[in-house]
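Visitor: Structure below; questions to follow.
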């Protein structure tokens, strides 16, 4: 795929010049920071910034990306940040736009992704307010999201626009990373500058270096790991940094451990002989678990459920490498599940993993590791063979099995440089898609918010496009329908992508919940579909995608037609289209 040159929405009559208004300064700063895109839904509270993006900045670097909902705008920035390694930036209208966007901000907070959200406000001077400005402003706009952002500000001068936006960018990109919110007063945005305001030396305002663990904690962790008889290693997203993969591989091999990815991340080569992801017994049978950047270790170790029998029970000894309590908020319980630790490295996960690896190398070969590697590899091979055999059951069934969908899609794109931007977690068959490790899959929403997928997929595909890759994804019908307008943004801005809709006709994740409650109460679990099924009428997702300008393959109901539909979709995506394949699947 050739590198993309964007010719969408080029303004006329613009020429470079010094900043003349408060909002011009924000555009100059974003450009200096390397910001390429600002997804937004228009709002009069930041009309000054909008004008500056177009008529001062020329709508290039940063480029305005029109979205059909504020949640899509922030989710797009979220997905772009994960796919590009840069801070994502989005703009939202004051109050009502921020309310729309708030779930997406929370997702970024839980996912620890650097997203800078710019909002309008005010004007702070009541004399400057139009009637609607009273409805769309508050004493502190940020109060809506303050409990789940890393930092917020409401600068009241043009100079403070620069200093506070720069600080928010710095804070968002510093570990533990997360969203930051800056509310830009509408009056200051639109006021002419009295004097030039310089952009600071960005090298003096760089993100903080990643925190590292102390030597005593490293020594303690090493003692616990070297005493293990059945060690296991689990890792989170590792900030989607491909450099993490080699570190994790060497740690696992030196320890002779079984490996298991966190539930919503991929940081280890899926084909590695010690990768047992998909078999949770690796974790429950371990005597020591080395958890690196896992946001919810008890949730990973515990069996699912909310009954009294699904409590913590006896956990293995845990060596936790993470930023721990840093960045927590008392309002949300995310990251706060109680965790008994045998040892803790309070550090950026990749930094801490590197420290641990260096210390492990200094100790020499680990006793018993070679024999464990052989045992683990043999068990993983058996696990994979059993999984492959199980996938053949119902291979030709209708509705189509999700495992068949994933297998056919992988066969279609395996030789194409691509980025897996999105996938279904619940029905994902391990061992099919050959993922190289950290950064090869962009992961889950973080906060579990349905509706994250469409915007994040488009943001990931945008980052993929700029890297010369093809964005590929699998999305559920419920997730898509909450924010399907993201497809329009992808088409409008010429973002090539291949998206498969795994349509099981239900918000199926909750059907087992309702069945479990009914069984616990001695009631009829067969009624669990009521209030869940997206049927009568079924949504014509193929027509919906086509209405946004996507290339579509028609609705696929025969598993024998998957390969042909996916091949045609790939050709369309490689030709620059947004290709959508709608597949009717069996709930799983």
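Residue numbers (our numbering): 6 to 593.
Every residue gets a Cβ at the ideal spot worked out from N, C-alpha and C, and that includes glycine.
As the structure is a computational prediction, the values presented were derived from the model and not from experiment.
Would you mind sorting residue 361 into buried or exposed? The rule is 16 or more other CB atoms within 10 Å of its CB.
Guide: Residue 361 comes out buried.
Visitor: Is the distance from the Cβ of residue 74 to the Cβ of residue 458 below 9 Å?
Guide: In this structure, residue 458 does not lie closer than 9 Å to residue 74 by Cβ.
Visitor: Hey, residue 284 and residue 397 are a contact pair by Cβ (cut 8 Å); roughly how many whole angstroms apart?
Guide: Contact doesn't hold; Cβ gap of about 19 Å is too wide.
Visitor: Going by CA-CA distance only, name the one from 557, 46 and 39 that's closest to residue 67.
Guide: Comparing Cα-Cα distances from residue 67 to each of 557, 46 and 39, the minimum goes to 39.
Visitor: Between residue 237 and residue 295, is the Cβ-Cβ spacing less than 9 Å?
Guide: Their beta carbons are under 9 Å apart, which means residue 237 touches residue 295 by this criterion.
Visitor: Which residue marks the beginning of the beta strand (DSSP E) containing residue 236, and which one marks its end?
Guide: It spans 236–240 - the beta strand (DSSP E) in which residue 236 sits, taken as one unbroken run.
Visitor: Should residue 247 and residue 461 be called a contact, given that it needs their Cβ atoms to be closer than 9 Å?
Guide: No. Outside cutoff.
Visitor: Thinking just about the alpha-carbon of each residue, which of 333, 355, 162 and 395 is nearest to the one in residue 325?
Guide: It is 355.
Visitor: With distances taken from CA atoms, which of 37, 439 and 484 is nearest residue 507?
Guide: Ranking 37, 439 and 484 by Cα distance to residue 507 puts 484 first.
Visitor: With a threshold of 16 other CB atoms inside 10 Å of the CB of residue 3, please say whether the residue is buried or exposed.
Guide: What is shown of the chain runs 6 to 593, which leaves residue 3 out entirely.
Visitor: Using C-beta distances below 6 Å, list every residue in its chain close to residue 584, excluding the 5 sequence neighbours before and after it, in chain order.
Guide: Here the set comprises 503, 556, 574, 577 and 578.
Visitor: Between the alpha carbons of residue 316 and residue 514, how many angstroms are there, rounded?
Guide: Any answer about residue 316 is weak, because its pLDDT of 48 lies below 50 and its placement is not dependable; what the coordinates show is given next. Distance between the alpha carbons of residue 316 and residue 514 is about 21 Å.
Visitor: Quick one: residues in its chain with C-beta nearer than 7 Å to the C-beta of residue 147, no 5 flanking neighbours on either side, listed in chain order?
Guide: Excluding residues within five positions, the ones whose Cβ falls inside 7 Å are 157, 159, 186 and 188.
Visitor: When you compare the CB positions of residue 342 and residue 301, do they come within less than 9 Å of one another, or not?
Guide: Their beta carbons are under 9 Å apart, which means residue 342 touches residue 301 by this criterion.
Visitor: Rounded to a whole number of angstroms, what is the C-alpha to C-alpha distance between residue 313 and residue 524?
Guide: Low confidence applies here, because residue 313 scores a pLDDT of 38, under 50, leaving its location unreliable; read the following figure in that light. The alpha-carbon atoms of residue 313 and residue 524 are separated by roughly 15 Å.
Visitor: Fully enclosed by the stretch 196–282, which alpha helix (DSSP H) runs are 4 residues long or longer?
Guide: List check, alpha helix (DSSP H) in window: 220–231 and 248–260.
Visitor: Helix, strand or coil for residue 322? Go by DSSP, reduced to three states.
Guide: Of the three classes helix, strand and coil, the one that applies to residue 322 here is strand, per DSSP.
Visitor: Kindly provide the ranges of any beta strand (DSSP E) runs that are 3 or more residues long and lie completely inside the stretch 399–450, ordered along the chain.
Guide: You should have 423–427.
Visitor: Any chance you could list the alpha helix (DSSP H) runs of at least 4 consecutive residues sitting entirely within the stretch 157–183, in chain order?
Guide: Fully enclosed alpha helix (DSSP H) runs of 4 or longer: 163–177.
Visitor: Helix, strand or coil for residue 107 per DSSP?
Guide: Of the three classes helix, strand and coil, the one that applies to residue 107 here is helix, per DSSP.
Visitor: Span of the alpha helix (DSSP H) holding residue 459?
Guide: That run of the alpha helix (DSSP H) goes 457–471.
Visitor: Threshold first: 4 residues or longer. Then list the alpha helix (DSSP H) segments lying entirely within the stretch 334–408, N to C.
Guide: For the stretch 334–408, whole alpha helix (DSSP H) runs of length 4 or above, ordered along the chain, are 354–368 and 374–397.
Visitor: Going by the CB atoms, is the gap between residue 54 and residue 79 shorter than 9 Å?
Guide: It is not a contact, given that the beta carbons lie outside the stated cut-off.
Visitor: What's the C-alpha gap between residue 595 and residue 488?
Guide: Here the chain comprises residues numbered 6 to 593, so residue 595 is not present and cannot be evaluated.
Visitor: Identify whether residue 151 lies in helix, strand or coil by the three-state DSSP scheme.
Guide: Correct three-state label for residue 151: helix.
Visitor: Give the DSSP-derived three-state secondary structure of residue 300 in the structure shown.
Guide: Residue 300: coil per DSSP, three-state reduction.
Visitor: With a threshold of 16 other CB atoms inside 10 Å of the CB of residue 589, please say whether the residue is buried or exposed.
Guide: It is buried - the Cβ of residue 589 has at least 16 other Cβ atoms within 10 Å.
Visitor: Enumerate in chain order the residues of its own chain whose CB-to-CB distance from residue 149 is below 7 Å, with the five nearest sequence positions on each side excluded.
Guide: Closer than 7 Å at the Cβ level, and outside the excluded window around residue 149, lie 103, 104 and 107.
Visitor: Taking the straight line between their C-alpha atoms, what separation do you get for residue 127 and residue 118?
Guide: C-alpha separation (whole angstroms): 28 Å.
Visitor: Report back the beta-carbon spacing between residue 298 and residue 242 to the nearest angstrom; my notes put them in contact at under 8 Å.
Guide: Going by Cβ atoms, the distance from residue 298 to residue 242 rounds to 7 Å, so yes, they are a contact pair.
Visitor: Thinking C-beta only, is residue 280 closer than 9 Å to residue 266?
Guide: Going by C-beta atoms, residue 266 is nearer than 9 Å to residue 280.
Visitor: Grab the span of the beta strand (DSSP E) containing residue 80 for me, first residue to last.
Guide: Segment 75–89 is the alpha helix (DSSP H) holding residue 80; no beta strand (DSSP E) there.
Visitor: In three-state terms, what does DSSP make of residue 544?
Guide: Here residue 544 sits in coil by DSSP.
Visitor: Could you tell me whether the Cβ atoms of residue 423 and residue 475 are closer together than 9 Å?
Guide: Closer than 9 Å, so yes.
Visitor: Flag this pair as touching only if the stretch 432–447 and the stretch 393–409 have three or more C-beta atom pairs under 8 Å; answer yes or no.
Guide: Result yes; three or more Cβ-Cβ pairs closer than 8 Å.
Visitor: What are the boundary residues of the alpha helix (DSSP H) that residue 579 is part of?
Guide: Unbroken alpha helix (DSSP H) run through residue 579: 567–579.
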